[in-house]
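**Q** Let me give you the structure first, and then I'll get to my questions.
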Amino acid sequence: MQRKWYIIFSHSVLNSFVCFVDAKRLIGRKFCDSIVQSDMKSWPFKVIGNLNDKPMIVVNYKDEEKHFAAEEISSMVLAKMAEIAEVYLGSTVKDVVITVPAYFNDSQRQSTQDAGVIAGLNVMRIINEPSAAAIAYGLDMKPFNHGCKHVFIFDLGGGTLDVSILTFEKGAINVKAIAGDTHLGGQDFDNTMVNHFVNEFSRKYKIDISGDPRALRRLKSACEKAKRILSSNITTTIQIESLNQGIDFYSSISRAKFEELNKNHFDKCMEIVEKCIIDSGMDKSSIHDVVLVGGSTRIVKVQQMVSDFFGGKLLCKSINVDEAVAYGAAVHASILSGECSEKDLQLSEVIPLSLGLETHGGIMNTIIPRNTKIPAKMEHVFTTHLHNQMNILIHVYEGERKITRENNLLGKFVLEIPPAPAGVPQIKISFQIDDDGILDVCSTEKSLGVNKKVKIISDKGRLSKEDIERKIKEAEKYKDEDKRYMKKVEARVVLETYAYNMRNAINDKDISLMLSSKEKEKINNALDLVFTWLDVNVIAEQEQFEYYTSILSSVFDAVIVKKINDERHGVQEGIMVGNAVKNKKNHWKQTLLKYSFIIVHAAATTNITGLASQLIVDFVKKD
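Dropping the structure here:
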């Protein structure tokens, strides 16, 4: 039987190519992304946006200008890696496992899958880099023989920081929490050094080399080398012949200066570590081992800060920081292929950002919270807020804010439903996350079985790396603001529902007969006032919405209270016609109940408890 071979790709193995094109920092992003615009200033190549605002790398090949998406560049590297592996193995390679930063969003994961497909490969699974490193650690340390262990993975590479807390117990690895920044790593440390020496060159020679791509490329290469040397030496030199206008550039930098230049970056690393601990609900003292992964963890200051955060804990350096991710992914591939029993090692991952729907008023209704284990399936039942809706536009978002415009739109679709009174349709929305962390959404109108299933796919870049972290932080900072906004929206929904229900009520045949011309005029005047005000005031203060709701409620109370009192005194004014005379009492009660149901429906769902609603209940009970 022909033996199957599996090749493992980590984004970290793209570094030799990414140093030129930064494909990892472009993939799944939009050209207008502020991070892309900022990074472009330091790239020695040109990037433009296409008609869909997708960043395209401009390459001159044989005197012809060609444009490549980041997925295409990545696919070229993946295809070349597969070719090299095939030569070594003497066998065809098609099945692959690709690792990605834990904080890659839905678009970035899908774009990574696309790169594999473009390369002609079968992507068996996409897994998070810290999780792959955890597998390598698990095989190296055999922690399963020592009960439950809590392990903190600190993965700082060339472009991203990922941190994870995992538990190891009885052959199972469970991710408890993840955090990270997909725009924080060795390249950022290099760039601060480059800026430092650009300024030094300008001071010494009065020449600005920031616009010279060739000089910047050579300077960055020298800075990368200096950074590596500073991990073992306390000082090093920079020597570049003919950097600009024939000037040879010589300088030096100490480890202390390097740490000072990157203080903000290092501090941010520790903020992310602390956030992960908080999200896990654990105390940092309960962490048994801290595992370092990624080339940038060789930086002395990084090691010191991580150790100090965990109370001086000795850091685990037993696994190769450069190879751990690929090693763990290879083991995971063997499990998927059936060459290794799943009982030997089981991995359970989580999603980095909450997933939900936009409800009335632009409010985010979370269906799957962040740090939920995957694969996962959760559902929620919604209804309509207006009568006779024939379709519902469903927007799917990811993010932590309660206001959807502050979150990231993943996709949208329309569900056609039969017309029915407000509140009658029962619409079940199901969210399903697969093992690759990619979302499927299914919607069903329960009473009539109308359903629609879509895979949420977006070709736009969506959130930037900075945006993801910023939105989670803003969710905490603006929590009170979100609450105030939600109360405004809820108050508007109450008023709109109440007003539409009252308008429908007075247009009902039976109810219209119950009302006098003067009563109809009074109600219509109140409705005109409210609808005119709503058209002008899309979002007003909560108290204003409540004030106009009280106006309608008082009109309703006045009409119903009068009808009930008239009935009690035997005064029936204009409510009976034709054959209804002998059944006037029952007819009147049924009409009154119909009227009250339509109007008080809003009261039942919005805590409006007017005098009229209580009188109706008392009247029906007594009679």
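Position 145 of the sequence shown, counted from 1, bears residue number 145 in UniProt numbering, the numbering being contiguous throughout.
Glycine included, every Cβ here is placed at the ideal spot set by N, Cα and C.
#1: Are there 16 or more other CB atoms within 10 angstroms of the CB of L552, so buried, or fewer, so exposed?
#2: Measure the C-alpha to C-alpha separation of I417 and S430 and round it to an integer number of angstroms.
#3: What are the residues that DSSP puts in a beta bridge with K227?
#4: Going straight from the alpha carbon of S443 to that of F266, what length do you get?
#5: Given D114, which residues of its chain have a CB within under 7 Å of its CB, disregarding the five upstream and five downstream residues?
#6: Measure how close the beta-carbons of I427 and G362 come, nearest whole angstrom, since I'm counting them as under 8 Å.
#7: If you follow the alpha helix (DSSP H) that K41 is part of, which residue opens it and which one closes it?
#8: So, under 8 Å CB-CB, E349 and V175 are touching, yes? Tell me the CB distance rounded to an integer number of Å.
#9: Which of the three DSSP states, helix, strand or coil, is assigned to R370?
#10: Taking the Cβ atom as the reference point for each residue, do A134 and L161 lie within a distance shorter than 7 Å?
#11: The beta strand (DSSP E) spanning C442 covers which residue range?
#12: Taking the C-alpha atoms as reference points, what is the distance between S554 and H385?
#13: Just checking, does the stretch 390-400 make contact with the stretch 351-366 on the three C-beta pairs under 8 Å criterion?
#14: How long is the line joining the alpha carbons of V414 and H67, rounded to whole angstroms?
#15: Please list, in chain order, all residues of the same chain as F545 whose beta carbon is under 8 Å from its beta carbon, the five residues on each side excluded.
#16: Looking at the structure shown, is H385 part of a helix, part of a strand, or coil, going by DSSP?
#17: With burial defined as no fewer than 16 other Cβ atoms inside 10 Å of the residue's Cβ, what is the status of I173: buried or exposed?
#18: Please list, in chain order, all residues of the same chain as T372 whose beta carbon is under 7 Å from its beta carbon, the five residues on each side excluded.
#19: Which complete alpha helix (DSSP H) runs does the stretch 123-164 hold, if anything under 4 residues is left out?
#20: What does a CB cutoff of less than 7 Å around E241 pick up in its chain, not counting 5 residues either side in sequence?
#21: Which parts of the stretch 313-351 are runs of the beta strand (DSSP E), unbroken and 3 residues or longer, counting only runs that do not cross its ends?
#22: Span of the alpha helix (DSSP H) holding S251?
#23: What residues match up with G311 in a beta bridge as DSSP calls it?
#24: For Y250, is the classification buried or exposed, using 16 other Cβ atoms within 10 angstroms of its Cβ as the cut-off for buried?
#25: Given that a residue counts as buried once 16 or more other Cβ atoms are within 10 Å of its Cβ, and exposed if not, what is K220?
#26: Looking at the unbroken alpha helix (DSSP H) that takes in V536, where does it start and where does it end?
#27: Consult DSSP for Q426 and reduce its assignment to one of helix, strand or coil.
#28: From D208, F189 and K149, pick the residue whose C-alpha is nearest to that of R255; which is it?
#29: By the 10 Å Cβ neighbour count, where 16 or more other Cβ atoms means buried, how is A51 classified, buried or exposed?
#30: Less than 7 Å separating the beta-carbons of I126 and V100?
#31: Checking 7 Å against the spacing of the C-beta atoms, do residue 626 and K94 come in under that value?
#32: At the level of alpha carbons, what is the spacing between R228 and K80?
#33: Taking only the alpha-carbon atoms, compute the straight-line gap between V36 and D436 and give it to the nearest angstrom.
#34: With a CB to CB cut of under 7 Å and the five nearest residues on each side skipped, what residues in its chain are close to M124?
#35: Report the residue from I234, I278, K275 and V273 whose alpha carbon sits nearest the alpha carbon of K257.
#36: Figure out for me which residue from H380, L353, M502 and R109 has the closest Cα to the Cα of E400.
**A** Answer, in terms of the structure:
#1: buried
#2: 17 Å
#3: Paired residue(s): none; K227 is not in a bridge.
#4: 45 Å
#5: E71
#6: At roughly 18 Å, the Cβ-Cβ gap does not stay under 8 Å, so I427 and G362 are not in contact.
#7: First-last for K41: undefined, no H or E at that position.
#8: 5 Å
#9: coil
#10: no
#11: L439 to E445
#12: 22 Å
#13: yes
#14: 35 Å
#15: K488, A491, R492, V494 and L495
#16: coil
#17: buried
#18: V350 and I351
#19: 129-141
#20: D248
#21: 346-350
#22: No alpha helix (DSSP H) holds S251; the beta strand (DSSP E) holding it covers I247 to S254.
#23: None, per the DSSP bridge assignment.
#24: exposed
#25: buried
#26: S517 to V536
#27: coil
#28: F189
#29: The question names Ala, yet the displayed sequence has Leu at residue 51. Result: exposed.
#30: yes
#31: Residue 626 is absent from the model: the chain starts at 1 and stops at 623.
#32: 28 Å
#33: 25 Å
#34: D95, V96, V97, A333 and L336
#35: I234
#36: L353
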